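One structure is given here, and the rest of the page talks about it.
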Amino acid sequence: MNKIAVLGSGTMGRGIAQASVLAGYEVVLFDIEQGLLDKAIGEMFASIDQGVARGKTDGALAAWAKTAVFTTTSLATAAQADLVVEAAPEKLDLKRQIFAEL
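First residue of the sequence shown? That's 410 in the working numbering, and the numbers climb one at a time after it.
The structure is reproduced here in structure tokens:
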């Protein structure tokens, strides 16, 4: 397994994406709006930088991680991952729609 897709870039999705990339996996982060993805990436990279500053995260790993996270608003792109993790809001209709399209 090399690539993980995380569907949803909120607090939960962002955390899953960060943990996954720091574990050595490429990550595709999906959301419906690019602005949400941009915000999530900014917060994730800031958190990774804090980990480096505190001595919790290796600097080389952090640098690699920032090149191994990709964003998309296309479920078709996310579907190409080896593993898909759903972290969308707790709305059953939304979750059904996501999996139907996936």
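We put the CB at the ideal spot given by N, CA and C, even for glycine. Note that the structure is predicted; figures quoted are calculated from it, not measured.
query	result
Can you give the Cα-Cα distance for alanine 509 and valine 461, rounded to whole angstroms?	39 Å
Any idea which residues DSSP pairs glutamate 435 with across the strands?	Lys412
So the alpha helix (DSSP H) threonine 476 belongs to, where does it begin and stop?	468-476
Suppose you measure from the CA of alanine 487 to the CA of asparagine 411; what does that come to, to the nearest Å?	13 Å
Looking at isoleucine 441 and valine 494, is the spacing between their C-beta atoms short of 8 Å?	no
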